[in-house]
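Protein chains in written order, with the numbering used here: chain A, 1 to 278; chain B, 279 to 535.
Here you go:
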């Protein structure tokens, strides 16, 4: 192995291990605009977005606008607690008023931000493939005309946020699949490394397909919130996709363009059926 | 072919016929949720309780623990309180699938639904859903099993056209919140997939620790319909899911003769 290849393999190993910390920030601006727009539209005190960690154990507030925004960003709470936990568990939108009666709803957030909301409206943020998190609006103006549609409207904002997050994550997942393959097979070229990674992922998939929770590879790092069988299968698909990209790259410019066109048609067709995308 | 009894023969289909004087007595109603606080004054006791949780070591990935349990975050108690208000004498059963951890939720949720079908429940309140496409087939099969077993699945719907299982399946009673507050009032939506509208906006619901909160969500519309079906079944236990839908369709607030 050349020195450069060794450095690259080390780098790939480090980056693969870092995982979600590497999610590109491409959607940050859009997510910030979504929370700002929601807060303004609802005449609310604050609006925030919290995303599930890869193991689904916690919600991390990633984006916020309004009162307490600075102190809530990066705050982590268990995904089974509070209004946000309620929303991610039931996957149902909820609105609660008179929160002051029951400090359990908001005490964690209140303690961190110094702001105690009286009312919260919260809806799930989900793509067709996975649950991503929750978006919350604090103390909206419920007396303004049309306020009865707020829950439906906020769900539309949440779907926009989900689209932004998913499109960013697809690329980062793909990148992680490539990095993971290189890290696991140092010294081989990219196509070989990807082929080996795909075989390994398929083996793991077959082992784990029949029984839930028996594929004991500890590999729960792709953000899948439910079962490991689907997670492994997803990883195998990604590695395969990356493999095809690597092979295409060697074929030539015309083939690359043809492949891109085919993918565009597929995405368009699929987009029409994608429930969150409509 | 064995003869069957038509829903009505020479009788008028009225609310009095359907659930007048019905209390839900003798009807088993399951709440698949975060548990039920049995001692809450709005709940008035539960007939049975089972807690399901994700367990890698178990053959099916799910561990079952029968016996009294607490509500882990209040949601199930809120739903149970509404069912009790509408059908005061029904037998409430708590099937807890939420609250311990999020991992394995779809699997545990499906197992809870299967438990309800296998343990003689007639009405199952589902103020929860999953949007995971991986679970389409699992829940579809369970919804069919429930239908043929005469089990009424009452599910809160999402507010937007996104996948939501099992609430989007045709055999399920799917419910959204409407603006009115009459606990026995409901609408039939002529434009599916959402079939029914019931109170769910600014509803005072039971909460952990014996208290109440004011809350809004389709989560609270579904148990109104679950309670109403329990009342109907306490008078007419022989009804099948499609007959119950026929009755609800005919007697809705927005149904004009």
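Yeah, the Cβ is synthetic: ideal placement off N, Cα and C, and Gly gets one too. All of these numbers come straight from a predicted model, not from anything done at the bench.
- Residue 312(B) belongs to the set of residues whose beta carbon lies under 9 angstroms from a beta carbon in chain A.
- Distance between residue 410(B) and residue 449(B), taken at the CA atoms: about 19 angstroms.
- Straight through space, the alpha carbons of residue 447(B) and residue 529(B) are spaced by roughly 22 angstroms.
- In terms of Cα proximity to residue 156(A), the closest of 141(A), 264(A), 126(A), 169(A) is 126(A).
- If you draw a straight line from the Cα of residue 306(B) to the Cα of residue 315(B), it is about 17 angstroms long.
- Listed along chain A, no residue sits closer than 9 angstroms to residue 458(B) by beta-carbon distance, the nearest being about 12 angstroms off.
- When CB distances to chain B are screened at a threshold of 9 angstroms, the residues of the region 120–144 of chain A falling below it are 121, 123, 124, 126, 127, 128, 129, 130, 131, in chain order.
- Under the 10 Å beta carbon count, residue 397(B) is surrounded by fewer than 16 other beta carbons and is classified as exposed.
- In the three-state scheme derived from DSSP, where H, G and I count as helix and E and B as strand, residue 430(B) is classed as strand.
- Collapsing the DSSP output to three states places residue 413(B) in a helix.
- One thing to note: residue 62(A) has its Cβ within 9 angstroms of the Cβ of residue 51(A).
- With a cut-off of 8 angstroms on Cβ pairs, the region 46–60 of chain A is in contact with the region 377–384 of chain B, counting three or more such pairs.
- About 5 angstroms separates the beta carbons of residue 302(B) and residue 509(B), which is inside the 8 angstroms limit, making them a contact pair.
- Less than 9 angstroms separates the beta-carbon of residue 373(B) from that of residue 394(B).
- Among the CB atoms of chain A, none fall inside 9 angstroms of the CB of residue 403(B).
- Around residue 160(A), the same chain offers 34 as residues with beta carbons nearer than 7 angstroms, after the five sequence neighbours per side are excluded.
- For the C-beta of residue 467(B), not a single chain A residue is nearer than 7 angstroms; the gap to the nearest is close to 15 angstroms.
- The Cβ of residue 491(B) sits closer than 9 angstroms to at least one Cβ of chain A.
- The CB of residue 96(A) comes closer than 8 angstroms to the CB of 491, 492, 493, 494 in chain B, given here in chain order.
- For the region 400–424 of chain B, residues whose beta-carbon sits nearer than 7 angstroms to a beta-carbon of chain A comprise 405, 406, 407, 408, 409, 410, 411, 412.
- Contact check for residue 431(B) against residue 454(B) fails: the beta carbons are separated by 9 angstroms or more.
- Beta-bridge annotation (DSSP): residue 466(B) is paired with 474(B).
- Membership of residue 126(A) in the beta strand (DSSP E) is indicated by the continuous run 120–126.
- Pairing residue 165(A) with residue 124(A), the inter-Cα distance amounts to about 13 angstroms.
- Its chain contains 391, 404, 407, 417, 418, 420, 421, 431, 433, 450 as the residues whose beta carbon lies nearer than 8 angstroms to that of residue 444(B), once the 5 sequence neighbours on both sides are disregarded; these appear in chain order.
- Taking C-beta atoms under 8 angstroms as the contact rule, residue 493(B) and residue 90(A) fail to qualify, at a distance of about 12 angstroms.
- Between residue 499(B) and residue 476(B), the CB-CB gap stays under 9 angstroms.
- The beta carbon of residue 525(B) sits closer than 6 angstroms to those of 296, all from its chain and outside the five residues before and after it, given in chain order.
- Around the beta carbon of residue 441(B), 16 or more other beta carbons sit within 10 angstroms, so the residue counts as buried.
- Between residue 134(A) and residue 87(A), the C-beta spacing is below 9 angstroms.
- Nearest C-alpha to residue 41(A) among 268(A), 255(A), 248(A), 65(A): 65(A).
- Any Cβ of chain A closer than 9 angstroms to the Cβ of residue 479(B) would place that residue at the interface, and such an atom is present.
- The Cβ-Cβ distance between residue 347(B) and residue 329(B) falls below 9 angstroms.
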